[in-house]
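Engineer: Shown below is the structure under consideration.
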């Protein structure tokens, strides 16, 4: 067998061939098929029926010694790295202009953190206008300016001039008082300095913005990458997508002259402002709750799961196993439903535990009554196995409760796990004692040797 070129094998190591691996004992009894528990997110939310506070940006304040931890970390360069210092083997590009070096990385990181502040300042101002946080006058003025540009699109060529004039007018000496304080309204924050001092509040605020931007980029990449695979002939859907795109392109070509571009761009551009208006954000959840969206969501999820099955799965019989997740509300004072949290650790001794295997709420208890979570694994019957392409799924319809559930599948009950409701009752919140549970399900199939 050829040696692996990308792994350094020690001289004293002994390579094992496939013939040296002992075969499985055919007489060995079939082991139990276990599965891990579902992984729900941490439960720290307030009851869904309670009024939610307005969502605002986090306060930027100094925290910890993050710059030191970020910049003092050592960059480990592999010993077998290319001698040219260019691992990407590309030249004459901005991303490969300087060789890989710890001092250069540290210096550029300090410069980047110190000068990225205006970018996040501009991002915050755009978000404030889009979310109607500076009042209706500011957002309405921006909407009117966009509508004006939609009907006179040639004025977009003068947009750089307008931006420069706006900056010059905003920073004119006549807009400052004798003591140097700006006369700009206090709710509009001035832009930060072009170079923040290391360790200052602006420096840490820039690191906070970089941290959140990295998380947002990673989330967007995780959401988009599975869709990109369909365009690279990595899935069987690529030929169907190609056929559909060609057909829609041919059909759309004669219709392009008939589409009014100015009204179209006007509606598309003003839609985000309408969607983020406070009235729309209050009314849209009520309107969506009246539609059977959860049922359609469950149906679509099942169709996606069925599409991932192989021919081997389709030729077998299916069943469904279930788990119930149980939590109790605790931590808040009497009459204060906002001060506590939902937790499995708050369950009382002798009642149902955090995970149970049936609807009675008691099948999850261990022999000593402690309800060890490790006991909540499934030992399936012989020749039955879990569907490999699926995982545990929350039952958001909750037909088993006969009263429905909230958007996350939770069914709320009183202190004694009775009187199920889709949302906590007012008397439960006043007493500060309430419980909830939801159902998780997973499919299994008959898989003989």
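In the working numbering, the protein residues as written are 274 to 722. We treat Cβ as the ideally placed atom computed from N, Cα and C, and that holds for glycine.
#1: Tell me residue 597's beta-bridge partners as DSSP assigns them.
#2: Three or more C-beta pairs under 8 Å: does that hold for the stretch 707 to 721 against the stretch 592 to 602?
#3: Starting from residue 666, follow its DSSP beta bridges and name the residues at the other end.
#4: Would you say the stretch 418 to 433 touches the stretch 506 to 515, given that touching needs at least three Cβ pairs under 8 Å?
#5: Roughly how many angstroms separate the alpha carbons of residue 530 and residue 577, rounded to a whole number?
#6: Would you identify the three-state DSSP class for residue 506, choosing helix, strand or coil?
#7: Does any residue of chain C have a CB that is nearer than 8 Å to the CB of residue 687?
#8: Note down the Cα distance separating residue 642 from residue 621, rounded to an integer number of angstroms.
#9: Please classify residue 697 as buried or exposed, where buried requires at least 16 neighbouring CB atoms within 10 angstroms.
#10: Tell me the residue span of the beta strand (DSSP E) that contains residue 673.
#11: Helix, strand or coil for residue 544? Go by DSSP, reduced to three states.
#12: Run through DSSP, which three-state label would residue 660 get?
#13: Check whether the stretch 476 to 489 touches the stretch 385 to 397, counting contact only when three or more Cβ pairs, one atom from each stretch, lie closer than 8 Å.
#14: Between which residues of its own chain and residue 404 is the CB-CB distance below 6 Å, once the five residues before and five after are set aside?
#15: Find out if the Cβ-Cβ distance for the pair residue 701, residue 687 is shorter than 8 Å.
#16: Can you say whether residue 447 is buried or exposed, counting buried as having 16 or more other CB atoms within 10 angstroms of its CB?
#17: Using the beta-carbon count (16 or more within 10 Å), is residue 669 buried or exposed?
#18: According to DSSP, what are the bridge partners of residue 616?
#19: Identify which residue in 494, 707, 478, 653 has its Cα closest to the Cα of residue 602.
#20: Using the Cβ count rule (16 or more neighbours within 10 Å means buried), how would you classify residue 625?
#21: Can you confirm whether the stretch 547 to 566 touches the stretch 429 to 439 when touching is taken to mean that 3 or more C-beta pairs between the two stretches lie within less than 8 Å?
#22: Got a sec? Which residues, its chain only, sit under 7 Å from residue 677 by beta carbon, not counting five neighbours each side?
Structural biologist: According to the data block:
#1: 629, 712
#2: yes
#3: 714
#4: no
#5: 38 Å
#6: coil
#7: Absent from the structure is chain C; it holds one protein chain and no more.
#8: In this predicted model, residue 642 has a pLDDT of only 38, less than 50, meaning its place in the structure is not dependable enough to derive any value.
#9: buried
#10: Element bounds for residue 673: n/a, residue is neither H nor E.
#11: helix
#12: coil
#13: yes
#14: 549
#15: yes
#16: exposed
#17: buried
#18: 601
#19: 707
#20: buried
#21: no
#22: 671, 695
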